[in-house]
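What follows is the structure, given as structure tokens:
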């Protein structure tokens, strides 16, 4: 077992990203899709911090970008969940497959 | 050996150091790497802290009962031990023996983990509290931020309990509690930031070190911050006048309605652990932590913290409960602006005088 | 095996398993709890990468705000009994194919790509450095993000606030939750 | 820590004066919205309009006086920025004017509507000028954050809520993918500054004689992220639903202003930052452009809802615009910029016609446009003009735009792409002409006359002037844009 390096972190990030993609494609519940998106954001954050740690250890760019990303994700989740609640008031459900007055 | 005991009381930190070194020596003797040694030392320290926390809770429960009794012109527990001092132990034994009922339609895994998570989060805070000079499990350089982030798990525990119980009172209690805790967490964090702006560090030990003498206590420079912190922290641990989540008269007992036996005990423990830790944090941030003359450091820390705990109990047994809309309004309309004002004033102070 | 390797493996295992449960659990509430577990694992990874400040921020915002918001939304829109309903759409085979294919491609290209790494020690006191950068080099994104959060706050309020005339009765605290979340994010 | 440099501070903030101006007044509009007991639709709207006009003037003024970079090179105000800022602000103005009727029908949150438009516009202006990936990414997020909300703004309407949900979910996914691409780009090059990325990519190419696969993958991710924002096929699936469900002024806003801003960002990222990796992306863009033109135009034929038809048509338009990108030289950038400008007026105008029509009839169905020429000759004439410009018929701006784009592609040797473009233009002519035919040669009886409100007429006139002016006197503008493109590519 070689010591843990950049590629291990990136591989982890890729796995999480793909799990997120899978969830985004298959989840029926709107909140479930949003959770998958959060996984993708986190995958990106792992990659950012890992790159920051191993490629530019003297700068903290990776961490800066990741910190901003966390805030962006928070804002996005807020708006998304507000809209989900609005949808719930209309449909009494948040099943993305049933939300289709318009052809998707 | 006999000489060790008085010395240990006076210089607990040295004793701890000695023991830690001894353990390290033994472990290195087995042939473990330095990282493993540190890890094991930390684990042992955590165990010690958990044991300490248990003792603290036993004491606090008794103390609260006595204080409430005396405020209400009663005597409180008197039978078991001196002035009922052993009453809590008796109660604890009783709680542990009780049947652990799991209602039929609960969401089992969540129901099971909720009290554990709440308890662990409450204990985990103790990792970065400096109980005395050198008496800290781990002096993280993000200490205070670590505490803020760990306490968020309490909310998750409450929500898990409220949801999984499959009971409308529990759900409502969980909702209320979570809403309350996250609302008050904002002004609390902002109040703490006021101190951090002065200290320029997040490390708890550093913060204490900067309050060498009585005049350097941050309460003198952060009076608004202190008040905001104390109010918000009281709300954080769901105590009267902010105990809506458990409002017995409205919600049965809120999120703990369906819990019994050991699991109920864990919520109960967590509540008292939080009570102690908010007072400990206040001591560290605003009252110079373990700094003080004559007495050993850990004793100063305990005295200051217990005074804080006493004040909180005093408040609890004196004031009535708020209404739910007053509660939210207070956090957002009063406490948050106050915290912001404090932050801005602090910034101006630092810009002008430092 | 040194503790770092062990910790990485344990955390990676935790994150991956939890993520799998997030996307496959039948009960959306369980998904939310597993999401928290996964996010906590990511915070652990940040600690391993010597970014403790970021780890704390991750826990504070992701676990303390975003996940709680998700749980609130789940509580307002689902019931425990929903757990037995169909939880995925008919795209499962496609989804598997796409995500596994993408994973293979990503891992392969990572494998094939030499990335020049620097052996220099990471900067110490990253938290302080981060704070400095926020107000110097990255002041513009820092200002933009505050505008962004303000927009999200107003937007969420506008959307979630009940129309005085709308008859639908949702739970009481739905409207002001996003506001709180935004404030947390600022902190 | 270095001492606080006041001169530098002023210089930095002078450069982003238009954004600051817009933001401060957006706050004012928002405050105003909460003060009055019931906000009249006119007041916030008027304030918003003056605000945007002010920002427009400020942008020109800054463009004239303070040319250069700020914030350590993360933000520039070059000529390209001036061009695109004016385009974006033009789109915002037209949106604000055409929103007056829509806002008047809202029961609550009228002021916030304008506030959110302004905040979103701030994000777009920042996007246009950002030369650093982090700033760019956050600016993109800011511009879409307001749009998510605005798409769902008709809270009583299921369609609107649905549009909001679809937009926010797909927006989230796209921003996650974009971020992942950004993360890898940063990792491979060690920087987030576009100019530095350019050098780093060049170094990688020089040292290895090729691009590592991870770089290609990062490019694909970034491209996919932009594809979502631009509604570029095959990442366009959100567009028709969102366009149909969102309030129509917002549809116009996000189909024009947000795309213009995204295109400016696209130019900066691909023409500057990833210029050295052009070999890796030119083919991809060419394929996507062809796909966009084909999918957009073919699907548009079968639509029965005018907004959906325009949605697919704008998918096709983005395809045409990206034809210019394969040239990846001054001409390409010029063509893209000019096309964006032409597209602004034509598409905006078309949507304003749709707004005017649905305000009186409450319908967005193409079938209801039957005999519009008799019901409102003016509206029909305007609509026909805009549709013709979208098709690319002279003497409209759309013709010249298409001409420039195809010329650039031919010069770059992408003849097949131009042939695809010409063929699909014929398809486009077919479905645009169907609408025009319905309006002028009705089948069956027609209903009552339709009047167009004053504000919408104003917006229509502005758009018409734009469409015709740039179609007839393009000379000075093309020269100006070309200059801007040259400066962009020279890395000035």
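Protein chains in written order, with the working numbering: chain A, 14 to 117; chain B, 870 to 1223; chain C, 115 to 301; chain D, 1385 to 1876.
From the three backbone atoms N, C-alpha and C, an ideal C-beta is built for every residue, glycine too.
Which value, in whole angstroms, describes the spacing of the CA atoms of residue i and residue j?
| i | j | result |
| --- | --- | --- |
| residue 104(A) | residue 1532(D) | 19 Å |
| residue 1708(D) | residue 1731(D) | 19 Å |
| residue 1804(D) | residue 246(C) | 53 Å |
| residue 1789(D) | residue 1795(D) | 10 Å |
| residue 1749(D) | residue 268(C) | 33 Å |
| residue 1556(D) | residue 1479(D) | 24 Å |
| residue 1136(B) | residue 994(B) | 15 Å |
| residue 999(B) | residue 1562(D) | 44 Å |
| residue 1581(D) | residue 1501(D) | 33 Å |
| residue 1525(D) | residue 935(B) | 56 Å |
| residue 143(C) | residue 1019(B) | 21 Å |
| residue 1833(D) | residue 1827(D) | 16 Å |
| residue 1860(D) | residue 1472(D) | 20 Å |
| residue 1415(D) | residue 1481(D) | 21 Å |
| residue 165(C) | residue 62(A) | 8 Å |
| residue 1072(B) | residue 152(C) | 27 Å |
| residue 1589(D) | residue 275(C) | 54 Å |
| residue 1810(D) | residue 1515(D) | 38 Å |
| residue 1945(D) | residue 1792(D) | Nothing about residue 1945(D) can be reported from this structure: the residues present for chain D run from 1385 to 1876 only. |
| residue 198(C) | residue 1545(D) | Reliability of the predicted coordinates at residue 198(C) is poor, the pLDDT of 46 falling under 50, and the value obtained from them is presented with this limitation in mind. About 27 Å. |
What does a CB cutoff of less than 6 Å around residue i pick up in its chain, not counting 5 residues either side in sequence?
| i | result |
| --- | --- |
| residue 117(A) | At residue 117(A), the pLDDT of 42 sits below 50, so the modelled position is not reliable; the number obtained from the coordinates is stated separately. The answer is none, since no qualifying residue turns up. |
| residue 969(B) | 1130, 1131 |
| residue 1354(D) | The question about residue 1354(D) has no answer, for chain D in this structure spans 1385 to 1876. |
| residue 1684(D) | 1693, 1696, 1697, 1815 |
| residue 1757(D) | 1764, 1823, 1824 |
| residue 1721(D) | 1467, 1865 |
With respect to the beta strand (DSSP E) encompassing residue i, which residues constitute its N-terminal and C-terminal limits?
| i | result |
| --- | --- |
| residue 1746(D) | First-last for residue 1746(D): undefined, no H or E at that position. |
| residue 1461(D) | 1459 to 1461 |
Between which two residues does the alpha helix (DSSP H) carrying residue i extend?
| i | result |
| --- | --- |
| residue 1606(D) | 1597 to 1614 |
| residue 45(A) | 43 to 67 |
| residue 1452(D) | Here residue 1452(D) belongs to no alpha helix (DSSP H); instead the beta strand (DSSP E) covers 1452 to 1454. |
| residue 1701(D) | 1690 to 1707 |
| residue 1398(D) | 1390 to 1399 |
| residue 1871(D) | 1859 to 1873 |
| residue 946(B) | No alpha helix (DSSP H) contains residue 946(B), which DSSP labels as neither H nor E. |
| residue 1633(D) | 1632 to 1650 |
| residue 1804(D) | 1799 to 1824 |
| residue 915(B) | 903 to 940 |
So residue i packs on residue j, CB below 8 Å; how close in whole Å?
| i | j | result |
| --- | --- | --- |
| residue 1601(D) | residue 1665(D) | Not really, about 12 Å apart at Cβ, beyond 8 Å. |
| residue 224(C) | residue 1598(D) | 6 Å |
| residue 1041(B) | residue 882(B) | Wrong, their Cβ atoms sit about 47 Å apart, outside the cutoff. |
| residue 1016(B) | residue 997(B) | 6 Å |
| residue 1104(B) | residue 1111(B) | 4 Å |
| residue 975(B) | residue 1034(B) | 6 Å |
| residue 1723(D) | residue 1705(D) | 5 Å |
| residue 270(C) | residue 85(A) | About 14 Å; that fails the 8 Å criterion. |
Ordered along the chain, which non-local residues of its own chain (more than five positions away) have a Cβ less than 7 Å from that of residue i?
| i | result |
| --- | --- |
| residue 1154(B) | 1061, 1064, 1076, 1087 |
| residue 1586(D) | 1660 |
| residue 156(C) | 129, 172 |
Any 3 or more C-beta pairs closer than 8 Å across the stretch 55 to 73 of chain A and the stretch 1562 to 1580 of chain D: Yes, the stretch 55 to 73 of chain A touches the stretch 1562 to 1580 of chain D.
Touching by the beta-carbon criterion (3+ pairs, under 8 Å), the stretch 1169 to 1181 of chain B and the stretch 1056 to 1064 of chain B: no
The stretch 1508 to 1519 of chain D contacting the stretch 1764 to 1772 of chain D, beta-carbon criterion three pairs below 8 Å: no
Three-pair Cβ contact test at 8 Å for the stretch 976 to 988 of chain B versus the stretch 1006 to 1014 of chain B: Because the criterion of three Cβ pairs below 8 Å is not met, the stretch 976 to 988 of chain B and the stretch 1006 to 1014 of chain B do not touch.
Touch test, the stretch 1156 to 1174 of chain B against the stretch 1078 to 1092 of chain B, Cβ-Cβ under 8 Å, three pairs minimum: yes
Validate contact between the stretch 1041 to 1054 of chain B and the stretch 1182 to 1192 of chain B using beta carbons, cut 8 Å, 3 pairs: no
Stretch pair the stretch 1489 to 1503 of chain D + the stretch 228 to 238 of chain C: three plus CB contacts closer than 8 Å: No: the two stretches stay apart, fewer than three of their Cβ pairs being nearer than 8 Å.
Segment contact flag, the stretch 1401 to 1420 of chain D with the stretch 1430 to 1437 of chain D, C-beta cutoff 8 Å, min 3 pairs: Flag = yes, the stretch 1401 to 1420 of chain D and the stretch 1430 to 1437 of chain D touch.
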